[in-house]
Amino acid sequence: MAKVLYTAAMSLDGYIAGAGGDMSWMAGHAGPNPVAGELIATTGALLVGARTFGGDDPHRGTEAEGKAFGGGWDGPQFVLTHNPPAEPIPGVTFFGDLDTALAAAKAAAGEKHVLVLGAETARGCLEAGALDEVVVSVVPVLLGDGVRLFEHPGGTNVKLERISLTYTPQITNMWFRVLG
Numbered sequence: 001m002a003k004v005l006y007t008a009a010m011s012l013d014g015y016i017a018g019a020g021g022d023m024s025w026m027a028g029h030a031g032p033n034p035v036a037g038e039l040i041a042t043t044g045a046l047l048v049g050a051r052t053f054g055g056d057d058p059h060r061g062t063e064a065e066g067k068a069f070g071g072g073w074d075g076p077q078f079v080l081t082h083n084p085p086a087e088p089i090p091g092v093t094f095f096g097d098l099d100t101a102l103a104a105a106k107a108a109a110g111e112k113h114v115l116v117l118g119a120e121t122a123r124g125c126l127e128a129g130a131l132d133e134v135v136v137s138v139v140p141v142l143l144g145d146g147v148r149l150f151e152h153p154g155g156t157n158v159k160l161e162r163i164s165l166t167y168t169p170q171i172t173n174m175w176f177r178v179l180g
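Anchor point for the sequence shown: position 169 equals 169 in UniProt numbering, and the numbering is continuous, going up by one each time.
Below, the structure written as structure tokens:
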């Protein structure tokens with residue numbers, strides 16, 4: 001059965017997107033990352049939040065624009081939104097509720113991972129008890145504002161167990177199991 005993983009690149013001060021959802025900050029920090037390669041190879045489907053799907057693209061203006069992992073991964077995407085586009089998008093299915101979208105993503109992934117992209121979608125998976133692991137690639141930059149990796153109004157205490165810690169000259173990768 002598919003594991004559900006929340007994965008994100010994050011600034012040192014805890015942001016996965018800059019102010020207004022800006023992702024252009026990542027373009028100057030991309031580089032070889034074995035953990036990203038592992039995720040690409042083991043992913044069977046993406047579960048994507050509407051803000052992430054329609055947000056700023058770190059590959060804007062390049063051949064990789066609009067492609068998952070800059071074109072490094074291809075497969076089914078399941079997007080949570082209450083406003084699907086009028087025209088269908090090949091390889092993308094839109095859902096209005098998390099449970100149905102998650103079930104479809106898991107079925108499509110088979111034995112591979114479902115990668116969750118988007119902070120609100122990840123929080124929903126966590127609150128539903130459906131999030132198995134969290135993979136964060138910390139990028140050496142400070143953004144000062146934007147979308148946090150995880151935000152829970154009023155606070156919470158989600159226990160995690162570190163599975164691995166790896167690094168490259170540009171990125172520190174932290175992989176955790178969600179304990180509850």
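Don't be surprised by glycine CBs; every beta carbon is placed ideally from N, CA and C.
Alpha helix (DSSP H) runs wholly inside the segment 147-180, at least 4 long, in chain order = none
Simplified DSSP assignment, three categories, for Met10 = strand
query = Run through DSSP, which three-state label would Thr81 get?
reply = coil
message = Does chain B have any CB closer than 8 Å to the CB of Val139?
response = Among the chains of the structure shown, chain B does not appear; only one protein chain is present.
key: 8 Å Cβ cutoff met for Leu117 and Leu46   = yes
message = What would DSSP say about Ile40, mapped onto helix, strand or coil?
response = helix
ask   = Around the Cβ of Ile89, are there at least 16 other Cβ atoms within 10 angstroms (buried) or fewer (exposed)?
value = exposed
inquiry  = Which residue marks the beginning of the beta strand (DSSP E) containing Ala17, and which one marks its end?
reply    = Tyr15 to Ala17
query = Around the C-beta of Lys106, are 16 or more other C-beta atoms found within 10 angstroms, so that it is buried, or is it exposed?
reply = buried
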